[in-house]
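Chains as they are written, first to last, in full-length UniProt numbering: chain R, 1 to 313; chain Y, 1 to 331; chain G, 1 to 294. Scroll down for the structure; my scribbles are underneath it.
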């Protein structure tokens with residue numbers, strides 16, 4: 001196991017009280033594995049991504065541990081995490097388009113960043129990796145504003161993985177892109193794993209279809225908890241959790257005429273995480289909920305590598 | 001880049017045109033008969049001065065000519081450098097009176113503006129997101145920037161001039177001295193210069209410190225700062241980048257504040273009876289010397305336009321995006 | 001934080017309640033408005049409570065503060081406190097008039113330029129930039145010098161006419177960013193006119209920003225007016241804080257050591273303007289959650 005997350009709890013402090021964005025997450029990630037993390041907005045998937053590298057000011061580590069390559073990460077301690085960032089855990093942020101300092105040429109910015117982390121810049125390697133994602137070396141002598149959106153995205157991908165991190169978090173990297181660029185980004189990420197630039201990866205997205213193409217394993221989250229986690233094919237073809245099934249039903253399928261079958265979202269909305277209800281959090285929207293669901297369902301391994309948190313599964 | 005400067009020059013040209021036109025219009029379109037009221041109000045006793053006044057008013061206003069002719073004449077005189085004759089210091093030409101005052105104003109305003117800008121930016125950048133310092137820099141900055149320039153000037157003059165007696169409170173140099181290049185005179189100049197400089201410097205300082213502090217906080221919240229933090233970059237590097245980027249709007253801010261800074265210099269000079277343009281304006285108003293007043297006005301406008309243009313050039317040098325031919329600078 | 005907002009959808013009423021919640025707990029805002037309010041009341045009620053003409057010469061010149069004359073007297077025996085409360089009144093008046101006019105012009109120009117865009121924007125932007133570059137005080141000097149009789153209202157009017165450009169620029173930029181939002185599109189598609197969209201959709205969505213702009217314009221107008229007064233181009237009749245400073249300076253209060261003559265008016269201007277700035281920071285924190293200290 002390269003990454004082992006146990007009972008992780010991260011809350012947001014707000015005026016009205018704690019918002020339990022992550023409420024006891026347990027899962028593992030093997031070396032070389034790509035984990036697709038999906039769920040609706042607000043399910044805690046972005047919070048999980050941030051918790052593993054850098055929490056924002058209002059997030060609080062309440063409980064649980066994160067162990068990467070046998071070492072526990074001090075995720076609640078911003079300073080102590082600095083050591084781990086970039087070298088062990090790295091991030092391709094959602095805001096890749098604006099992630100580069102606008103007033104520095106890229107070569108200088110990258111050099112300064114590497115030096116500040118005590119690494120020696122290896123320009124040859126940098127240029128090799130750039131050409132791997134189709135960026136000419138001249139880009140290094142430009143300012144970010146002179147690059148197109150797609151180029152900035154790829155540049156950020158190269159920079160984030162320069163120190164060969166063990167774990168890479170790709171946070172909604174494709175949501176701002178058009179379909180063909182999405183594919184290119186997905187290919188590039190797979191290429192990074194093949195070249196050994198990153199060991200394992202967490203690919204945070206709300207796009208289940210795209211995740212299927214890139215991820216080995218898909219983890220579905222609901223209201224701050226794990227709903228289902230299984231190999232990608234199993235999730236798509238034989239989901240066990242009712243929420244996963246509904247998510248898949250709401251996806252458009254190629255070749256299906258929607259005049260016959262209405263494309264529907266899932267009725268209702270997720271519960272407030274300020275005072276989450278007891279029992280199964282999906283209960284109110286679940287078509288098959290019963291008496292038993294008033295108790296919280298444990299995460300059970302129904303088949304090898306297939307974890308589901310549902311009494312009815 | 002050519003487009004950028006072209007646009008700027010167009011604005012400055014238009015501004016100068018508007019200023020001259022306003023200058024020409026006001027005496028003509030304000031209620032009342034300007035010639036009669038001015039000659040009466042001028043209260044000049046010397047008959048030759050009264051005569052000259054009449055002559056100049058008639059030639060300048062040229063009330064017998066059609067308006068467009070008057071307007072063209074006005075521009076003609078202006079382009080020849082002819083601002084008329086001062087009534088207060090009759091018969092010295094206005095341009096000569098202004099030329100003797102300008103060095104004092106420049107000596108006061110240039111160092112105080114530049115130094116306050118540099119020091120204020122440093123203070124502000126350093127205080128941002130450092131709780132203890134922020135809690136002192138911020139209130140002090142707000143009090144300084146809220147002070148009317150002349151009031152701080154009066155307070156400084158009172159404390160260091162009248163009570164402590166460390167500095168003189170009036171004039172550009174001692175009455176007993178005649179201007180020359182001797183060390184003693186230069187020292188005397190410096191002695192008289194200190195308090196007005198200090199009061200201008202302090203008021204402006206507060207504004208720059210606050211502006212910089214707010215800009216830095218904004219930059220530290222920005223995406224590139226977050227990205228660098230996520231990659232574990234030390235806050236030293238992030239702050240350096242933030243400072244670099246926050247300085248750019250501060251340069252634009254300098255251009256925007258020029259008018260206020262000039263106004264501050266004028267009233268400060270009046271407090272210290274410092275022989276620059278401010279004191280000149282006061283004298284012009286007291287003596288109803290409208291030629292002098294209008295000449296000084298045009299001179300100030302011209303000075304501010306030149307300063308603006310210099311700042312534009314500096315901006316292009318400092319902001320790589322304008323040089324790279326991208327639409328980075330919107331100011 | 002998109003995740004959070006969608007967990008608990010925020011309704012307008014909720015936002016307003018939350019703003020109020022933070023407003024009454026914001027020290028900067030409360031202290032700032034408190035100081036302004038006290039001085040405003042003094043300016044409004046003072047002249048009524050303490051009767052008498054502020055410029056009337058008295059029998060006891062140059063006396064320091066005492067029970068009889070709280071702020072002492074001038075070289076002419078005028079009561080400084082009486083001048084002070086009357087002066088406060090003029091100062092607030094010029095701030096409201098000057099700041100108000102500048103805010104209205106700035107809003108009209110900013111909204112129209114930002115919303116309409118295109119050639120209208122080009123022209124208004126050029127006009128704004130031209131007036132922005134001209135040193136305000138210099139223009140006001142010329143205008144006021146030629147005005148025979150000057151009053152607080154006219155002074156405020158001209159200050160308002162020259163102070164608006166930066167506000168117009170700021171509002172234009174804000175409008176620009178709101179123009180393409182869904183709710184504006186929706187209004188446009190439902191056939192609402194420009195004026196209606198600006199008044200119903202755009203302005204309410206930046207009302208806090210507009211209010212803060214007005215506060216800054218108010219402070220600016222007060223400072224400019226005091227400078228004009230000090231140069232000798234203040235109202236020909238009446239009293240203002242700037243005129244008090246001018247008189248003190250002109251009649252050598254400094255050399256005579258009559259500190260009670262020049263300290264109160266300057267301190268009041270500083271207090272009003274400074275308190276407004278601080279209140280503005282407080283407002284910013286209330287409306288802009290990112291700035292709140294956690």
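Positions of the beta carbon are idealized from the N, C-alpha and C atoms, including for glycine.
Starting from the C-beta of residue i, find all residues in its chain whose C-beta is less than 6 Å away, skip the five residues before and the five after it, and write them out in chain order.
i                      : result
residue 106 of chain R : 140
residue 46 of chain G  : 85
residue 277 of chain R : 271
residue 151 of chain G : 235
residue 13 of chain Y  : none
residue 235 of chain R : 218
residue 4 of chain R   : 28 and 67
Would you mind stating whether residue i and residue j have Cβ atoms separated by less than 8 Å?
i                      : j                      : result
residue 222 of chain G : residue 281 of chain G : no
residue 234 of chain G : residue 250 of chain G : no
residue 281 of chain Y : residue 131 of chain G : no
residue 301 of chain Y : residue 138 of chain G : yes
residue 157 of chain R : residue 37 of chain R  : no
residue 90 of chain R  : residue 165 of chain R : yes
residue 210 of chain R : residue 244 of chain R : no
residue 59 of chain G  : residue 77 of chain G  : yes
residue 199 of chain Y : residue 188 of chain Y : no
residue 205 of chain G : residue 178 of chain G : yes
residue 21 of chain R  : residue 274 of chain R : no
residue 43 of chain R  : residue 215 of chain R : no
residue 8 of chain R   : residue 201 of chain R : no
residue 101 of chain Y : residue 276 of chain Y : yes
residue 272 of chain Y : residue 196 of chain Y : yes
residue 305 of chain G : residue 156 of chain G : Examination of residue 305 of chain G is not possible in this model, given that chain G is present from 1 through 294 alone.
residue 243 of chain Y : residue 216 of chain Y : yes
Consult DSSP for residue i and reduce its assignment to one of helix, strand or coil.
i                      : result
residue 203 of chain R : strand
residue 303 of chain R : strand
residue 58 of chain R  : coil
residue 152 of chain R : helix
residue 24 of chain R  : strand
residue 213 of chain Y : helix
residue 123 of chain G : helix
residue 1 of chain G   : Note that residue 1 of chain G has pLDDT 29, beneath the 50 cutoff, so the model's placement of it is unreliable and the number below is only indicative. Residue 1 of chain G: coil per DSSP, three-state reduction.
residue 327 of chain Y : Note that residue 327 of chain Y scores 45 on pLDDT, short of 50, meaning its location in the model is unreliable and no value can be drawn from it.
residue 90 of chain R  : strand
residue 177 of chain R : coil
residue 5 of chain R   : strand
residue 219 of chain R : strand
residue 278 of chain G : helix
residue 104 of chain Y : helix
residue 72 of chain R  : strand
residue 196 of chain R : coil
residue 233 of chain Y : coil
residue 17 of chain G  : helix
residue 246 of chain Y : helix
Below 7 Å CB to CB, which residues in the same chain sit around residue i once its five sequence neighbours on both sides are set aside?
i                      : result
residue 19 of chain G  : 286 and 287
residue 89 of chain Y  : 97
residue 117 of chain G : none
Note down, in chain order, each residue of its chain lying with its Cβ closer than 8 Å to the Cβ of residue i, except the 5 sequence neighbours on either side.
i                      : result
residue 302 of chain R : 240, 308 and 313
Could you check whether the stretch 224-232 of chain Y touches the stretch 209-220 of chain G, counting it as contact only if at least three pairs of C-beta atoms, one from each stretch, sit closer than 8 Å?
no
Is it true that the stretch 53-70 of chain R meets the stretch 228-239 of chain R, where meeting means three or more beta-carbon pairs spaced less than 8 Å apart?
no
Check whether the stretch 67-85 of chain Y touches the stretch 259-273 of chain Y, counting contact only when three or more Cβ pairs, one atom from each stretch, lie closer than 8 Å.
no
Are at least three pairs of beta-carbons, each pair with one atom in the stretch 257-276 of chain G and one in the stretch 84-95 of chain G, less than 8 Å apart?
yes
Between the stretch 93-113 of chain Y and the stretch 177-184 of chain Y, are three or more C-beta pairs nearer than 8 Å?
no
Mind listing, in chain order, the continuous alpha helix (DSSP H) runs of no fewer than 4 residues lying wholly within the stretch 46-128 of chain G?
80-116
Pairs of beta-carbons, one from the stretch 167-174 of chain G and one from the stretch 104-116 of chain G, closer than 8 Å: are there three or more?
yes
Decide yes or no for the touch test of the stretch 63-71 of chain R against the stretch 207-216 of chain Y: beta carbon pairs closer than 8 Å, at least 3 of them.
no
Using a Cβ distance threshold of 8 Å, determine whether the stretch 119-136 of chain Y contacts the stretch 257-266 of chain G, with at least three qualifying pairs required.
no
Three-pair Cβ contact test at 8 Å for the stretch 242-261 of chain Y versus the stretch 141-148 of chain Y
no
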